[in-house]
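Asks: In this text, residue positions in the sequence shown follow UniProt numbering: the first is 1, and each later residue adds one. Note that beta-carbon positions come from the ideal geometry of N, C-alpha and C, so glycine has one too. The structure presented is a predicted model; accordingly, all values stated were derived computationally and were not measured. Let me give you the structure first, and then I'll get to my questions.
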Amino acid sequence: MTLTNLSSSLATLAPPLLTNVAYGAAGVEEDVSPVTLDAGWSKVARLLVLAALAVVGSIGNVFLISSILIEDYLKQRGNAFIVNMALADLLVTGLVFPASAVVLLAGLRDTEGACNFHWVVAVLSCLVTVLTFSCIAVENLMRLCLPPSWYECVTPTKITTLLVLIWAGCGTVVGLQTALALGPDYCHRKFVGLLPYQLTVLVVLVAVPLAITLLCFVAILVRVNSTRLPPSYKPPVTFSWDYSLMKSNLLSFACFVVFWLPFGTVLEAKSINTVSPRVLYHLAWFALSKSCLNNFLYCFTNRHFRVAYVNLFHYCCCKTTVALSRRPRAAEASRPTGDVRVHIIPGYNMYSYTSPQRAQGAAAAKPVAKRTAGMGAARPPGGRANGREVYEL
């Protein structure tokens, strides 16, 4: 085999590289990758950024999902849409960022397969999030502003069916767009798709759901703020909690628009052919980073999520039991609350029971130590006057 044939065989076996992805008219100045970030950064810096985005974002989204499972107030059927949104974000933090880190560690340079994988997952996550936001807004409107009989129509079966349809519809659209090349070519920065198809997807799956979401949130704000109640009337605490959760959903929606609107604007048929790769891919990474911040937004703006996050943190880091938020029972309310369990030395289980009822029982079962002369009078058999024992190491 000649040297020429050997080199051609190796070129065939190697993964296809995107020769026009990172280089524009300015050459090296436009060296920005859609897979491994800016090539001007060091490899270690890019790897640390990708690892931080993957770890922090994935843990945050898992915390967001778990919060709805352990917090009593958050266990509402309508909050399944928040879980669905967190799952869409988890696709990015659990698949896109780790895949980029693997490509970077392998020393590859913008393989077409990795770039297409990034694009498919990003579009799927974006479409699912947009449709989920419209469902969240409609559910909040029915819960806060409509009679209870309307909200009774929102059954778990209907919610599950709707979520399955959202994922199936978005997956079908993304699959057709990828298999038949109906959309913009994100990796090579050119529009080769079918324009009527893209306009239909834009209107049906993006523009209409965004308009519904915005109108529902505005209607809730206007209805709640314009309602005049008697000064002596105090709304139920559950209404305040629902309204606070609605504001958190509204802030999450605003955050999504801020992060994804610039990137969506440059994907327009004419813009993607002329936009600088540095601008396009920086905006793409900016949009993807939203998946890492959404879970922290709920933690900072909603008290119930914050309490659940603290309980989960204690469980994961301090190995304590997760405090499930629930209403106290009568038997638990009558139980003595003076018991304190203290771990003094690792490896030993030292217990200090300060309950008066248990202190009397312990004093009756334990012999009283006599003090020698000069050390004070002997302690009475009943223990201390207040019925509590003090243990000294």
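Using a threshold of 8 Å, state whether the C-beta atoms of Leu288 and Val130 are closer than that.
Replies: no
Asks: Out of curiosity, what's the CA-to-CA distance linking Met246 and Leu162?
Replies: 20 Å
Asks: If you draw a straight line from the C-alpha of Pro202 to the C-alpha of His188, how long is it?
Replies: A small fix is needed here, since residue 202 is Leu in this sequence, not Pro. Each residue's Cα considered, the two are about 21 Å apart.
Asks: Do you know offhand how far Leu261's Cα is from Arg278's?
Replies: Whole-angstrom Cα-Cα distance: 17 Å.
Asks: Look at the Cβ atom of His118, then the Cβ atom of Val192, and state whether they are nearer than 8 Å.
Replies: no
Asks: Just to confirm, are Lys290 and Phe259 a CB contact at a threshold of 8 Å?
Replies: yes
Asks: For Asp89, name the three-state secondary structure that DSSP assigns.
Replies: helix
Asks: Do Val173 and Leu104 come within 8 Å of each other at the CB atom, strictly closer than that value?
Replies: no
Asks: Pick helix, strand or coil for Leu37, following the three-state DSSP scheme.
Replies: In this structure, Leu37 counts as strand in the three-state DSSP scheme.
Asks: Would you kindly report the start and end of the unbroken alpha helix (DSSP H) that includes Ala284?
Replies: Per DSSP, Ala284 belongs to the alpha helix (DSSP H) from Pro277 to Leu288.
Asks: Among Leu293, Tyr243, Asn294 and Phe263, which residue has its Cα nearest to the Cα of His282?
Replies: With distances taken between Cα atoms, His282 lies closest to Phe263.
Asks: Measure the beta-carbon distance from Ser125 to Leu50 and round it to whole angstroms, keeping in mind my assumption that it falls under 8 Å.
Replies: Not confirmed; about 17 Å, so no contact.
Asks: Could you give the residue range of the alpha helix (DSSP H) that holds Ala179?
Replies: Pro156 to Ala179
Asks: Between Cys216 and Val138, how many whole angstroms is the CB-CB distance? I'm expecting something under 8 Å.
Replies: The Cβ separation is near 6 Å, so the contact holds.
Asks: DSSP beta-bridge partners for Pro184?
Replies: Phe191
Asks: Pick helix, strand or coil for Thr111, following the three-state DSSP scheme.
Replies: If DSSP states are grouped into helix, strand and coil, Thr111 belongs with the strands.
Asks: Taking just the CA atoms, how far does Cys153 sit from Val206?
Replies: Between Val206 and Cys153, the C-alpha separation is close to 26 Å.
Asks: Return the residue from the list Lys158, Leu90, Ser66 and Trp285 that minimises the CA-CA distance to Val32.
Replies: Trp285
Asks: Relative to the alpha-carbon of Trp167, which residue among Val121, Gly78 and Asp242 has its alpha-carbon at the smallest distance?
Replies: Looking only at Val121, Gly78 and Asp242, the smallest Cα-Cα distance to Trp167 is reached by Val121.
Asks: Report buried or exposed for Asp89, applying the criterion of at least 16 other Cβ atoms within 10 angstroms of its Cβ.
Replies: buried
Asks: Identify, in the order they occur along the chain, each residue of the same chain with its Cβ nearer than 7 Å to the Cβ of Asn61, setting aside the five sequence neighbours on each side.
Replies: Counting only Cβ-Cβ distances below 7 Å, and skipping sequence neighbours, we find Ala86, Asp89, Leu90, Thr93 and Asn295.
Asks: Would you mind sorting Asn302 into buried or exposed? The rule is 16 or more other CB atoms within 10 Å of its CB.
Replies: It is buried - the Cβ of Asn302 has at least 16 other Cβ atoms within 10 Å.
Asks: Excluding the 5 residues flanking Cys145 on each side, which residues of the same chain have their C-beta closer than 8 Å to its C-beta?
Replies: Ala219, Ile220, Arg223 and Val224
Asks: Which partner residues of Val32 appear in the DSSP bridge assignment?
Replies: Asp38
Asks: Which term fits Leu199, buried or exposed, when burial requires 16 or more other beta carbons within 10 angstroms of its beta carbon?
Replies: Around the beta carbon of Leu199, a 10 Å sphere encloses fewer than 16 other beta carbons of the protein chains shown; the residue is thus reported as exposed.
Asks: Assign Cys115 to one of two classes, buried (16 or more other C-beta atoms within 10 Å of its C-beta) or exposed (fewer than that).
Replies: Residue burial is scored here from C-beta neighbours: Cys115 has at least 16 other C-beta atoms within 10 angstroms and is therefore classed as buried.
Asks: Please work out which residues of its chain come closer than 6 Å, Cβ to Cβ, to Leu267, disregarding the five sequence neighbours upstream and downstream, and give them in chain order.
Replies: Pro184
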